[in-house]
Structures are given as C-alpha cells and as structure tokens.
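Sequence order for the protein chains is W and V. Anchor point for the first sequence: position 1 equals 1 in our numbering, and the numbering is continuous, going up by one each time. Anchor point for the second sequence: position 4 equals 4 in our numbering, and the numbering is continuous, going up by one each time. For every residue, glycine included, the Cβ atom is placed at its ideal position computed from N, Cα and C. Just so you know, these numbers come straight off a predicted model, no measurement behind them. To start, the structure itself, in structure tokens.
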Amino acid sequence: RREKDEKDEL
Amino acid sequence: NIFRVLGDFSHLASIFILLHKIQQLKSCSGISFKSQVLYMLVYITRYLDLPWTSSPYNFIFKVLFISSELYIIYLMARAYKPTNDPNLDTFHVEFLLGFAGLLALLFPYKYTILEVFWAFSIWLESVAILPQLFMLQRTGEAEAMTAHYIAALGMYRALYIPNWIYRYFSEPTHKVDTIAVTAGILQTILYSDFFWIYYTKVMRGEKFKLP
C-alpha cells in the first residue's frame, strides 16, 4: 500500500 | 484530471503574468509585497516534501513555484524596490499568520512536523491574497495586468473545487481532504467580489476600477 500520506496535490 | 491540471496551469500563468508585468512595466506598483512574502512562506512550508516527491509533474511544479516566487521577491525587494510603496501595503499579516498557525496546531491530520507545516501552509494560502485585495481596495483601481494576475491566481484554487468533486465521484479510494477543501472554498469565497468586478469590467475591456 503506497503511503497515502504523501500529498498528491499541489 | 482536467480541472486540477487547468488549476495548476492557471496558477503557473498567474506567476508569469506577474513576472511579465513587473519586468515589462519595470515596476511593482499595485502589487502587495506582503502577499508575495506570504506566498513564499506557503510554498516553503507546503513543499518540505520536495526531496521525496514521487510524481514528476508535482516535482516540476513545486520547483517552478518556489523558484519563480523567489525571483519575484528579489525583483520587488531589490531590482524595483523604489517602485514599492510600503505605506500602501499595510495589511496586518500577523493576523493571517496567527489564523493559519492556530488552525494548524488545532486540527492537523497528524502531529508531525510535515503535517502541521502542511496544514499551516493550506490555511495561510487561503488568506494570503488579503493584503493584495486590501491594497486594491485602497488604491481603488489596478492595471489590467494586475487584475489578470489576481484573476488567474483565484481561478487556480477555484478549479481545485470541481477537481475534488470529480475525484470524490470517480476515485472509490479517494478520501476527502477536509483541510484542503475547507480552506480552498474559503479562499475562493475571498475572491468572489473581485471576480465579480473583474468579470463585469475587464471582460468589457474597461479599466479595472472599484465602484
């Protein structure tokens, strides 16, 4: 599971 | 999705419109230096995760935003400093910093440096335009380029709203980012009166003047 924590929006 | 990409490019366009205006007119009159410094703070606290950003798209935009904002601040604080009128740029930014700082400490997703700074940056961005709008209020008018700059900047986060709606319905695993959505809606609301004047005046080719 990719760490969802990483912000995927600017 | 398309809304998000349009939003990011509108954001990029706003920065290049501003750069163009400052370099073309060799002046930063009508631009709030305080707002630009706040945006610098927004980018620095938002993109602390720059080194391990996985998507090239995000990486490029983060680098572009930070570097162009640094350059704008250099232009305003050094190159064209004489055209900077500090006694027109009088908004009390400490209120904005306090607002963002408080919300970041009260409601971060997690109490880690990254998350608290990220929440601070989101809330700060939602109010960072206020010194600029306040200055516009005081001068009562703005050059067309300045109006286009503010409009493009406002459109960027406004386009994120349909992006979030689209993601909500199209991505089953998408969890709603309540901080970003709440702040994004607040930010867009702050632009609403400006958008109205911009739409009625500038779209008719008139000069941007407050009624």
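DSSP-derived helix/strand/coil call for residue i
i, result
"Glu171 of chain V", "coil"
"Glu6 of chain W", "coil"
"Asn163 of chain V", "helix"
"Arg1 of chain W", "Model confidence at Arg1 of chain W stands at a pLDDT of 36, short of 50, so the residue's coordinates are unreliable; what they give is reported in the following sentence. Three-state DSSP puts Arg1 of chain W in coil, outside helix and strand."
"Val202 of chain V", "helix"
"Ala158 of chain V", "helix"
"His148 of chain V", "helix"
"Lys81 of chain V", "helix"
"Val127 of chain V", "helix"
"Asn1 of chain V", "coil"
"Asp177 of chain V", "coil"
Closest residue to residue i among the options (Cα-Cα distance)
i, options, result
"Leu50 of chain V", "V:Lys62, V:Ile189, V:Phe95", "V:Lys62"
"Val202 of chain V", "V:Ile15, V:Ala79, V:Tyr149, V:Ile161", "V:Tyr149"
"Ile66 of chain V", "V:Ile22, V:Met40, V:Asp85, V:Gly140", "V:Met40"
"Leu208 of chain V", "V:Tyr80, V:Ala144, V:Ile122", "The sequence shown places Phe at residue 208 of chain V, not Leu. Looking at the Cα atoms, V:Ala144 is the closest of the given residues."
"Ser126 of chain V", "V:Cys28, V:Thr146, V:Leu190", "V:Leu190"
"Arg157 of chain V", "V:Gly7, V:Ile2, V:Asn1", "V:Gly7"
"Gln132 of chain V", "V:Tyr71, V:Val181, V:Thr90", "V:Thr90"
"Gln36 of chain V", "V:Leu18, V:Gln23, V:Leu48", "V:Leu18"
"Leu210 of chain V", "V:Arg204, V:Pro108, V:Pro172, V:Gln137", "V:Gln137"
"Tyr109 of chain V", "V:Pro82, V:Phe9, V:Tyr57, V:Lys175", "V:Lys175"
"Leu114 of chain V", "V:Thr45, V:Leu102, V:Glu141, V:Gln24", "V:Thr45"
Residues sharing a beta bridge with residue i, DSSP
i, result
"Ala142 of chain V", "V:Phe208"
Nearest-angstrom beta carbon gap, residue j and residue i [assumed within contact, 8 Å]
i, j, result
"Phe195 of chain V", "Ala151 of chain V", "7 Å"
"Ser14 of chain V", "Leu130 of chain V", "Actually they are not in contact, since the Cβ atoms of Ser14 of chain V and Leu130 of chain V sit about 16 Å apart, beyond 8 Å."
"Lys21 of chain V", "Thr139 of chain V", "About 15 Å; that fails the 8 Å criterion."
"Asn84 of chain V", "Phe117 of chain V", "Not a contact, Cβ separation roughly 28 Å."
"Tyr43 of chain V", "Glu69 of chain V", "6 Å"
"Ile161 of chain V", "Gly184 of chain V", "6 Å"
Could you name each continuous alpha helix (DSSP H) segment of 4 residues or more that falls completely within the segment 14-76 of chain V, going from the start of the chain to the end? Entirely contained in the segment 14-76 of chain V, the alpha helix (DSSP H) runs reaching 4 residues are, in chain order, 33-46, 56-74.
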